[in-house]
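These notes concern the structure reproduced below.
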Amino acid sequence: RTVYVNGEYLPENEAKISIFDRGFLMADGVYEVTSVLDGKLIDFDGHAARLERSLGELDMASPVTAEELLAIHRELVARNGIDEGMVYLQITRGAPGDRDFVFPDPEETPSSIVLFTQDKPGLADNPVAKKGIRIISIDDIRWGRRDIKTVQLLYPSMGKMMARKAGADDAWMVEDGFVTEGTSNNAYIVKGNRIITRGLSNDILHGITRAAVLRFAREAQMEVEERNFTIEEAREADEAFVTSASTFVMPVVEIDGTPLGGGVPGRVAPRLREIYLEESRKAAI
Ligand code: PLP
């Protein structure tokens, strides 16, 4: 696979990052994951805009312009022959000469940028979406700026492992009695024709897929309620689902051992998945 590191396209085994890189030492960096369908980028502008925001919140500057970013994504997709898959992008606060908590002067220490592709044939036609996934609930013990897409992913990784140990597929995190989001996705429940999902704040990542799916849902005359919900309310809902760039819309068929809608995907989540895939393919660049 060809990857991109700080201005160069290289075979993955020749790519190098300093051991002093603050991404490596301190998780001081941000990332984005953009899906590729039909060799084209899905929701690229949304991901680029959120990247700018994440960088701004952390007083970091992008080492490349928005145009260059798009060109690098496209070049990697082409060089690696990706038809369906993802492009991973990470920008960290670079590598000062030593380890220090204080941010280095950006004039002396440029940020590091790395991109690579992940080939996932069958991403859109994922058989898991037909069955749905089972989730458990866990405490949300992450930091208070979950709106910034940092590479600090240890707790989400632990959450996925807790789910796996419990025989489930993923976990929803709960804070002060309310669901925040999934370990790597936004969380929704469905009651009748109403889609309920937590509103935007610093408590959750502002999902790019979330924004698109809510827009499509409203356009399809579904009701959208952005408000907090509990696990108890979720267990009594008609349906549930998650959204993310890599899973699009994924039905949830079991929460903490309670099956929803007889343990099979309902009507709303599969329809939203279909609409999302169709519309975002049309708008892909
Ligand atoms: N919430 C969290 C914690 C995530 O890590 C992600 C994606 O990685 C999402 C939500 C979904 O965001 P997006 O739709 O932009 O992929």
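full-length UniProt numbering puts the sequence shown at residues 2 to 286.
Cβ coordinates follow ideal geometry from the N, Cα and C atoms, glycine included.
Residue i classed as buried or exposed, judged by whether at least 16 other C-beta atoms fall within 10 angstroms
i	result
Trp144	exposed
Met87	buried
Glu182	buried
Asn14	exposed
Pro157	buried
Ile196	buried
Met61	buried
Leu155	exposed
Met174	buried
Val269	buried
Ala172	buried
Pro128	exposed
Glu227	exposed
Arg199	buried
Val37	buried
Ile142	exposed
Ala246	buried
Pro12	exposed
Asp106	exposed
Contacts around residue i, its chain only, beta-carbon distance under 6 angstroms, and the 5 residues preceding and following it disregarded
i	result
Arg100	Leu26
Contact under 8 angstroms by Cβ, residue i with residue j
i	j	result
Ser113	Gly98	no
Thr118	Ile83	yes
Val250	Leu261	no
Val115	Ile190	no
Val78	Gly40	yes
Ala28	Ala49	no
Asp44	Ser281	yes
Tyr10	Arg75	no
Ile205	Ile232	no
His207	Leu201	yes
Ala130	Glu85	no
Sequence-distant residues of its chain with Cβ nearer than 7 angstroms to residue i (five each side left out)
i	result
Ala218	Ile196, Val225, Leu273
Asn203	Gly145, Arg146, Arg147, Asp148
Ala221	Ile276
Ala238	Ile190, Val191, Lys192, Leu261
8 angstroms contact criterion, which residue i and residue j should meet: CB distance rounded
i	j	result
Lys150	Tyr277	That belief does not hold up - the Cβ atoms of Lys150 and Tyr277 are roughly 20 angstroms apart, past 8 angstroms.
Thr184	Thr210	About 15 angstroms; that fails the 8 angstroms criterion.
Ser63	Leu56	6 angstroms
Gly24	Thr93	3 angstroms
Residues of its chain near residue i, where Cβ-Cβ distance is below 8 angstroms and the 5 sequence neighbours each way are ignored
i	result
Thr259	Arg236
Ala213	Asp44, Gly47, Tyr277, Glu280, Ser281
Short CB-CB distance (under 8 angstroms) between residue i and chain D
i	result
Pro111	In summary, chain D is missing from the structure at hand, where a single protein chain is found.
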